[in-house]
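S.K.: In our numbering, the protein residues as written are 15 to 458. From the three backbone atoms N, C-alpha and C, an ideal C-beta is built for every residue, glycine too. This is the structure, below, for whatever I ask next.
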């Protein structure tokens with residue numbers, strides 16, 4: 015078995031990226047990689063803050079060719095940059111153009127496509143070498159760092175290509191609403207084009223009109239990579255979309271009702287990816303076909319006492335999952351909820367995720383979340399709280415709708431209406447944001 019894998023195994027003339035109307039071939043990409051690698055400083059770590067997806071890929075590839083480890087954080091705030099720099103004091107920073115409301119950090123290496131000619135060397139990268147370190151979002155506490163070997167990244171992208179039919183001969187254009195520094199966005203828009211017949215659009219896009227325009231400008235076949243929050247916004251906008259080869263969703267559970275509405279409205283199949291920063295993507299399902307997930311080729315989940323371990327090709331050791339799992343005889347599995355989200359009241363258990371799904375099915379609730387108080391385990395009188403974005407509905411009306419949908423012990427004392435939930439770019443609510451929500455002005 016080989017102990018290295020090439021940066022890319024695609025032919026020089028294939029399109030690997032699109033920046034507006036410009037089609038970037040593998041040969042041009044390799045020339046850009048060589049030019050950038052030649053000017054990188056000597057360092058073990060680099061923090062990639064590029065918003066332009068092609069610049070982010072160039073930074074990754076150039077760093078890999080120099081044996082450097084790429085740090086990925088979807089949080090590009092100055093506070094988060096300082097925290098990462100404190101843990102990796104010798105790092106340097108890559109960035110690109112300044113965006114409205116954001117300025118590249120002082121001294122950052124500004125990435126640009128500056129290669130000459132239409133070709134360059136194809137680096138061979140050891141499979142066991144750490145390629146990236148991804149950071150969790152902080153939704154369950156402080157962000158944690160998780161290293162990924164190059165072999166695990168290559169294995170995951172090839173497995174995803176096989177699962178979603180992206181091995182050619184046609185090159186699928188990937189339009190994504192998720193940042194390239196998030197593990198989901200990284201795998202599907204930066205790593206995937208290196209080893210699958212895809213070409214990512216540079217972006218970034220977030221608002222429905224931007225996403226629709228990007229899809230209309232992209233050549234078919236087109237794959238939309240997005241989140242439940244952005245799917246809801248895009249469907250609600252009424253924007254006309256061109257023919258889609260499929261939609262892929264991740265970062266939060268996708269309600270079957272929303273998936274069905276998108277499939278009907280956009281005339282395509284909607285699939286979810288299951289994964290985590292710790293392991294990357296490991297399974298998928300078509301949401302409207304049922305609750306069970308099918309692991310990628312080579313991935314194996316197995317019980318270990320009360321925990322679940324997952325064996326992922328290329329990872330040096332089994333990884334424990336944060337979710338509780340129900341196994342099926344054919345190797346499929348159903349998620350029972352994150353262990354950290356499990357709450358116990360009156361001798362009964364439920365996951366906050368399952369309660370959130372019930373809340374979001376209430377007519378008039380545009381967004382909402384159940385929150386457990388800090389003293390839930392020690393205070394017999396403690397109850398869950400609910401914050402809801404529900405224009406036109408009172409808190410009492412939302413609470414009345416919940417009564418028939420869940421065990422009474424999990425009902426909140428009242429529903430607090432807010433103008434908006436403080437979600438980040440991935441649609442997640444961090445622990446710090448939820449704590450701040452308790453002091454936020456409410457809409458009553």
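Specify, as a first and last residue, the run of the beta strand (DSSP E) that residue 46 falls within.
M.R.: Taken as a continuous stretch (DSSP letters only), residue 46 belongs to no beta strand (DSSP E), being part of the alpha helix (DSSP H) at 40-51.
S.K.: Just how far apart, CA to CA, sit residue 291 and residue 147?
M.R.: One C-alpha to the other measures close to 9 Å.
S.K.: Which value, in whole angstroms, describes the spacing of the CA atoms of residue 75 and residue 329?
M.R.: So the two alpha carbons sit approximately 20 Å from each other.
S.K.: If you compare alpha carbons, which of 295, 84, 173 and 135 is closest to residue 195?
M.R.: If we check each option's Cα against that of residue 195, 84 comes out closest.
S.K.: Quick one, which of 131, 245, 58 and 116 has its alpha-carbon nearest residue 45's?
M.R.: Looking at the Cα atoms, 131 is the closest of the given residues.
S.K.: Would you kindly check if the distance between the Cβ of residue 287 and the Cβ of residue 295 is under 8 Å?
M.R.: Closer than 8 Å, so yes.
S.K.: Give me, in chain order, the residues of the same chain whose beta-carbon lies closer than 7 Å to that of residue 22; leave out the 5 immediate sequence neighbours on both sides.
M.R.: Within the same chain, residue 22 has close Cβ partners 40, 136, 208 and 209.
S.K.: Which residues does DSSP list as the beta-bridge partners of residue 358?
M.R.: Paired residues: 363.
S.K.: One question on the structure: do residue 357 and residue 390 come within less than 8 Å of each other, judged by their Cβ atoms?
M.R.: Cβ atoms of residue 357 and residue 390: closer than 8 Å.
S.K.: For residue 247 versus residue 189, is the C-beta spacing smaller than 8 Å?
M.R.: Cβ atoms of residue 247 and residue 189: not closer than 8 Å.
S.K.: Give the range of the alpha helix (DSSP H) segment to which residue 245 is assigned.
M.R.: 242-251 is the extent of the alpha helix (DSSP H) around residue 245.
S.K.: Which runs of the alpha helix (DSSP H) fall wholly inside the region 188-236 and span at least 4 residues, in chain order?
M.R.: As far as the region 188-236 is concerned, its whole alpha helix (DSSP H) runs of at least 4 residues are 197-200, 206-209 and 222-231.
S.K.: Using 10 angstroms around the beta-carbon of residue 17, count the other beta-carbons present and answer buried if the total reaches 16, otherwise exposed.
M.R.: Residue 17 is exposed by the Cβ-count criterion.
S.K.: Residues in the same chain with beta-carbon distance under 6 Å from residue 325, minus the five sequence neighbours each way, listed in chain order, please.
M.R.: Same-chain partners within the cutoff: 314 and 332.
S.K.: Could you check if residue 230 is buried or exposed, using at least 16 other CB atoms within 10 Å of its CB as the buried criterion?
M.R.: Counting Cβ neighbours within 10 Å, residue 230 comes out exposed, since fewer than 16 surround it.
S.K.: Just how far apart, CA to CA, sit residue 19 and residue 116?
M.R.: Each residue's alpha carbon lies about 36 Å from the other.
S.K.: Does the region 211-229 come close enough to the region 82-100 that 3 or more CB-CB pairs lie under 8 Å?
M.R.: Judged by Cβ distances under 8 Å, the region 82-100 makes no contact with the region 211-229, as fewer than three pairs qualify.
S.K.: Please tell me whether residue 424 has its Cβ less than 8 Å away from any Cβ of chain C.
M.R.: The structure shown contains no chain C; it holds only a single protein chain.
S.K.: For residue 277, which option in 238, 312, 293 and 310 has the closest C-alpha, if you only look at C-alpha atoms?
M.R.: Per the Cα distances, 238.
S.K.: Residue 448: which of 413, 388, 423 and 407 sits nearest, CA to CA?
M.R.: Of the candidates 413, 388, 423 and 407, the one whose C-alpha sits nearest the C-alpha of residue 448 is 388.
S.K.: Looking only at DSSP bridge pairs, what is residue 426 linked to?
M.R.: Answer is none; residue 426 lacks a bridge partner.
S.K.: Drop a sphere of 10 angstroms on the beta-carbon of residue 92, count the other beta-carbons inside from all chains shown, and report buried for 16 or more, exposed for fewer.
M.R.: Flag for residue 92 reads exposed.
S.K.: Determine the extent of the alpha helix (DSSP H) in which residue 163 is found, giving its start and end residues.
M.R.: Unbroken run through residue 163 is the beta strand (DSSP E), 159-163; no alpha helix (DSSP H).
S.K.: Strictly by DSSP, which residues pair up with residue 391?
M.R.: Paired residue(s): none; residue 391 is not in a bridge.
S.K.: Below 8 Å on the Cβ atoms is my guess for residue 123 versus residue 106; work out the distance and round it to an integer in Å.
M.R.: Sure, about 6 Å apart at Cβ, within 8 Å.
S.K.: Compute the Euclidean distance between the alpha carbons of residue 393 and residue 362, then round it to the nearest angstrom.
M.R.: Cα-Cα distance, rounded: 15 Å.
S.K.: Residue 370 by DSSP, collapsed to three states: which one?
M.R.: Residue state, collapsed to three classes: helix.
S.K.: Return the bridge partner residues of residue 36 from the DSSP annotation.
M.R.: DSSP output for residue 36 lists 33 as bridge partner(s).
S.K.: Do the region 197-204 and the region 56-71 make contact, defined as three or more Cβ pairs closer than 8 Å?
M.R.: They touch, by the three-pair rule.
S.K.: Among 349, 99, 29 and 273, whose alpha-carbon lies nearest the alpha-carbon of residue 187?
M.R.: For the residues 349, 99, 29 and 273, the minimum Cα distance to residue 187 belongs to 29.
S.K.: Taking buried to mean at least 16 other C-beta atoms within 10 Å of its own C-beta, is residue 73 buried or exposed?
M.R.: The residue in question, residue 73, is buried, as its Cβ has 16 or more Cβ neighbours within 10 Å.
S.K.: Three-state secondary structure (DSSP) at residue 317?
M.R.: Residue 317 falls in the strand class under three-state DSSP.
S.K.: According to DSSP, is residue 301 helix, strand or coil?
M.R.: In this structure, residue 301 counts as helix in the three-state DSSP scheme.
S.K.: Determine the direct distance from the alpha carbon of residue 433 to that of residue 251, and round the result to whole angstroms.
M.R.: Those two C-alpha atoms are separated by around 19 Å.
S.K.: Write down every uninterrupted run of the beta strand (DSSP E) in the region 91-163 whose length is 3 residues or greater and which is fully enclosed by it, in chain order.
M.R.: Qualifying beta strand (DSSP E) stretches, in chain order: 106-109, 138-140, 144-149 and 159-163.
S.K.: Less than 8 Å between the CB atoms is what I'm expecting for residue 270 and residue 301, so what's the real figure, rounded?
M.R.: Contact flag correct, Cβ pair sits at about 6 Å.
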